[in-house]
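Colleague:
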Amino acid sequence: MLRKIVQSAKRKSYQDQEDERNQYVNHSSSPGDEFTFAAEDPKFYQRPEFNLVMLIVSLITANALYQYVALQTCEYDGLYECIDKFLLPNLAECLILTGISALIFTAVLYVNLSCKNKTKLTILVLVLVNIFLMSITNTTIAKNKFGGMYGVAFILYVIIFTIILSIRRCILSIKPYMNLRRLLVLSFIVLLYFRFSFSTKVMRSCDNWEKGLFGEMIHSEKYCHIPPPKICMYELTDRIQDFSFIDCSNRLADEAVIEKAFGIKEPFVGLADTTQFTQQERTFDRFPYSVYKHSKGYSSYDEAKKAGHEMIVDVKDSRLDIIVNRNEKLVEERKKLQKGPRALNDNLIVIFVDALSRQRAHFKMPETMKFFKSQDTLEFYRFHGYHKRTYENALMYLYGMSVDDLGGDVRENKNQSVVEFFKEQGYIVGHAGNLCESNVFEQGDWIMRYIKNSIADHESLSHACDPHYHNPENSFGPFQGPFSIVRRCIYKRDTFEYVTDFGKKFMSTYKNEKKVMMLDFIDFHEGTGEVVNYLDAPLAKFLNEIQNEDTTIMLMSDHGFHMGGLKIAVAGYEYTTELLLPAMMVSNLKGLTQTQQTNIEYNQQKLITHKELFNFWKFWASGKDDHDLSFVSKMPDDSETCHKIGEFCKCQNFQSTPPGHSSL
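According to full-length UniProt numbering, the residues represented by the sequence shown are 1 to 664, in order.
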């Protein structure tokens with residue numbers, strides 16, 4: 001009974017309060033608007049018209065900023081000249097403008113993130129379409145246009161800003177449910193988690209940075225001092241941009257694409273033999289078009305094979321076959337050039353992975369490292385580049401020259417690469433790669449005034465110019481081609497598989513002959529640092545299949561990871577240091593004298609460069625230790641080598657040569 005009285009009193013109290021509120025509303029309302037509360041007129045910035053104007057102005061501004069950056073064109077001729085004189089001087093400004101554009105777009109998305117409000121939903125869809133159109137237009141990255149690079153930066157900015165604003169939205173959504181006690185408890189748990197993660201993962205992220213296959217970098221006053229980073233962001237950001245879900249099995253041949261590029265309608269395409277190209281046809285700009293020009297169509301596979309093609313595309317079946325035709329005349333010619341018996345191995349395989357530092361080799365290619373650990377391998381901990389990019393370093397290890405050696409009048413007797421030296425010593429030379437270039441660095445008209453383009457005896461390069469993979473008008477595209485951030489596929493397989501296919505067949509075709517095989521992989525030269533994941537296991541399998549007692553195998557690179565993207569943006573010291581520390585490993589090197597063996601083992605800790613690599617190849621091919629300093633020589637003090645490297649030397653205990661004064 002008492003409970004009913006209390007409940008009745010509560011209901012009466014609630015009713016009285018409701019009556020008071022209704023009475024207040026009635027007195028505050030106008031007679032003609034009984035359902036509307038009296039309120040002040042909205043401010044001008046709260047009106048829909050103003051919001052619409054602001055939306056239009058924001059989108060126009062964001063688009064204008066992005067297009068201003070994306071449409072800029074370099075007026076210089078060469079790629080490296082455009083990078084030095086156009087891209088790098090404007091990089092900071094363009095990245096800032098791209099970031100502002102992305103921030104505006106992200107803010108508009110954030111404000112209109114609603115599926116219930118039709119107006120906001122319409123705006124949301126329009127902005128997303130706008131972003132999509134921006135991502136597929138002006139995306140060229142070629143020698144004089146870099147819009148595609150800023151397109152990737154734009155998308156990264158949008159992702160980062162979206163994450164930040166999403167975190168803000170989450171915090172605001174839980175705020176009403178948080179009292180002081182809950183807030184303190186939650187904060188304690190979060191801080192405890194981050195403290196544990198920081199101490200166990202972040203602060204230990206560099207534990208393996210100095211370690212190698214059988215040892216680690218030794219610190220001593222007599223050695224170049226390269227301190228390890230405190231925090232290794234490459235390790236901490238690993239796999240967050242992994243697109244391994246993409247499969248090559250559905251990458252089929254498109255007859256229209258083939259007909260447009262090659263002008264061929266037949267069901268079989270015999271790809272061009274690049275060893276028959278003229279020097280002009282092997283230049284950077286002309287090479288892909290030379291492949292299209294000299295490729296031929298056939299009605300049957302046997303017809304193409306009979307014509308001598310070593311790469312044949314079956315268009316209907318989306319299949320590319322690699323063949324190595326034995327050349328008996330070549331075998332006899334090279335035997336005549338051989339200087340007699342020698343102690344060193346008869347075969348050399350050079351595995352070149354562009355942009356691979358020693359540290360990334362261990363971290364990103366564990367299966368390949370297992371192979372080298374199972375061999376008698378020498379690892380060079382302080383192998384150091386002359387520059388941050390391929391051009392200068394490759395010029396040194398292929399031609400033994402620095403950029404300072406170029407210039408002046410056109411040379412009648414042009415410098416020849418180490419490939420020609422291998423031939424002169426009686427070796428059959430094979431070369432394959434998944435980059436549409438005749439060599440590993442841009443060789444245009446200017447530089448070929450001074451050097452001769454290297455031509456191997458057998459080359460498997462034409463497939464890297466296939467139009468399904470390589471776009472000569474936009475070769476630096478982020479989603480297609482040799483620098484793509486996603487898996488590189490043609491004819492249902494990874495592009496690197498055709499390189500290893502050539503390797504197997506070249507080694508078996510010339511099984512009993514002395515030979516040098518150079519295989520180039522471009523799979524780490526991209527913005528995420530993840531595409532090389534697909535290469536690791538197949539490369540290790542390939543090496544295990546072809547290795548034998550009479551073959552020396554080298555894993556090398558030109559420089560470290562440098563293609564841009566999120567990893568470089570956060571890596572700091574790790575990026576700038578690894579950039580000059582490319583991978584260099586040599587396995588199964590037989591026939592050295594005791595002095596040479598002692599020197600090369602000691603040199604694993606010494607500061608050593610691509611110049612010594614060039615000389616080492618000449619030593620290996622000739623068997624004569626009468627060349628300049630090489631891996632098997634007694635190297636000078638690291639301070640002297642640092643001085644030769646010049647401005648990019650990373651030794652903190654030595655003074656390098658001032659910029660522009662390399663002593664080479």
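Virtual Cβ for every residue (Gly too), placed ideally from N, Cα, C.
Buried or exposed: which applies to residue 671, given that a residue is buried once 16 or more other Cβ atoms fall within 10 Å of its Cβ?
Modeller: As shown, the chain starts at 1 and ends at 664. That puts residue 671 outside it, with no answer to give.
Colleague: For the beta strand (DSSP E) containing A432, name the first residue and the last one.
Modeller: Note, A432: beta strand (DSSP E), I428 to G433.
Colleague: Quickly, what does DSSP pair M585 with across the bridge? List them, please.
Modeller: Answer is E379 and L555, bridged to M585.
Colleague: So, with DSSP's three-state summary, where would you put L320?
Modeller: Reduced to three states, the DSSP call for L320 is strand.
Colleague: May I ask which residues mark the beginning and end of the alpha helix (DSSP H) holding H362?
Modeller: R358 to K364 is the extent of the alpha helix (DSSP H) around H362.
Colleague: With a 10 Å radius around its C-beta and 16 neighbouring C-beta atoms as the bar for buried, classify F524 as buried or exposed.
Modeller: Buried.
Colleague: Since F262 and Y292 are thought to touch, with beta carbons under 8 Å apart, how far apart are those beta carbons, to the nearest angstrom?
Modeller: So it is a contact: roughly 5 Å between Cβ atoms.
Colleague: Starting from I171, trace the beta strand (DSSP E) both ways and give me its first and last residue.
Modeller: From DSSP, I171 is part of no beta strand (DSSP E) but of the alpha helix (DSSP H) over G147 to I174.
Colleague: Which residue or residues does DSSP assign as beta-bridge partners of L613?
Modeller: Looking at the DSSP assignment, L613 forms no beta bridge with any residue, so it has no partner.
Colleague: Starting from the N-terminal side, write out each stretch of the alpha helix (DSSP H) that is 4 residues or longer and does not extend beyond the stretch 55-96.
Modeller: If we require 4 residues or more, the alpha helix (DSSP H) runs fully inside the stretch 55-96 come out as 79-82.
Colleague: Rounded C-beta distance between N653 and S630? I'm assuming under 8 Å.
Modeller: Their Cβ separation, rounded to whole angstroms, is 25 Å, which puts N653 and S630 out of contact at 8 Å.
Colleague: Alpha carbon to alpha carbon, how far is T200 from Y193?
Modeller: Approximately 11 Å between the Cα atoms of the pair.
Colleague: For L71, which option in G297, Y150, I600 and K260 has the closest C-alpha, if you only look at C-alpha atoms?
Modeller: Of the listed residues, the one whose Cα sits closest to L71 is Y150.
Colleague: Could you tell me the distance, in whole angstroms, from the CA atom of A253 to the CA atom of H468?
Modeller: One C-alpha to the other measures close to 8 Å.
Colleague: D285: which of F479, D536, K370 and N474 sits nearest, CA to CA?
Modeller: Checked all of F479, D536, K370 and N474; the closest Cα to D285 is N474.
Colleague: Does the Cβ-Cβ distance between G385 and L183 come in under 8 Å?
Modeller: No, they are not a contact pair.
Colleague: Could you give the DSSP three-state label for V632: helix, strand or coil?
Modeller: Three-state result, V632: coil.
Colleague: Please state the DSSP three-state secondary structure of R286.
Modeller: It is coil, neither helix nor strand.
Colleague: Terminal residues of the continuous beta strand (DSSP E) containing D314?
Modeller: Start and end: M311 to D314.
Colleague: Count the other CB atoms within 10 Å of the CB of C642; is the residue buried (16 or more) or exposed (fewer)?
Modeller: By the neighbour-count rule (16 or more Cβ atoms within 10 Å), C642 is buried.
Colleague: Hey, how far is the Cα of I163 from the Cα of R389?
Modeller: About 33 Å.
Colleague: Taking DSSP as the reference, what is the three-state secondary structure of C642?
Modeller: Correct three-state label for C642: helix.
Colleague: Any heavy atom of the ligand ZN inside 7 Å of the beta-carbon of R487?
Modeller: The ligand ZN is not part of the structure shown, which contains no ligands of any sort.
Colleague: Measure the C-alpha to C-alpha separation of V440 and F502 and round it to an integer number of angstroms.
Modeller: So the two alpha carbons sit approximately 17 Å from each other.
Colleague: Are H559 and A355 close, meaning C-beta to C-beta below 8 Å?
Modeller: The answer is yes: Cβ separation under 8 Å.
Colleague: Using the C-alpha atoms, what's the distance from R358 back to L613?
Modeller: Approximately 16 Å, taken between the alpha carbons.
Colleague: Can you tell me whether R326 is helix, strand or coil according to DSSP?
Modeller: Of the three classes helix, strand and coil, the one that applies to R326 here is coil, per DSSP.
Colleague: Pop quiz: M563 and F496 are said to be a contact at Cβ under 8 Å. What is the actual Cβ separation, rounded to whole angstroms?
Modeller: So it is not a contact: roughly 17 Å between Cβ atoms.
Colleague: Quick check on N117: does DSSP put it in helix, strand or coil?
Modeller: DSSP places N117 in coil when its eight states are reduced to three.
Colleague: Would the beta-carbon of residue 713 fall within 8 Å of that of E310?
Modeller: The chain is shown only over 1 to 664; residue 713 falls outside these bounds and no answer can be derived.
Colleague: If I measure Cβ to Cβ from K414 and keep anything under 7 Å in the same chain, skipping five residues before and after, which residues do I get?
Modeller: Closer than 7 Å at Cβ, skipping near neighbours: Y450, I451 and K452.
Colleague: Alpha carbon to alpha carbon, what distance is there between E255 and A464?
Modeller: Roughly 18 Å separates the two Cα atoms.
Colleague: What is the rounded straight-line gap between the Cα of L406 and the Cα of K492?
Modeller: Taking the straight line joining both Cα atoms gives about 43 Å.
Colleague: Give the range of the alpha helix (DSSP H) segment to which N349 is assigned.
Modeller: Strictly speaking, residue 349 in this sequence is Ile, with Asn absent from that position. That residue, I349, is in no alpha helix (DSSP H); its beta strand (DSSP E) goes N347 to V353.
Colleague: With DSSP as the reference, label N415 as helix, strand or coil.
Modeller: In the structure shown, N415 sits in a strand (DSSP, three-state: E or B).
Colleague: Could you tell me the distance, in whole angstroms, from the CA atom of Y234 to the CA atom of K364?
Modeller: Whole-angstrom Cα-Cα distance: 10 Å.
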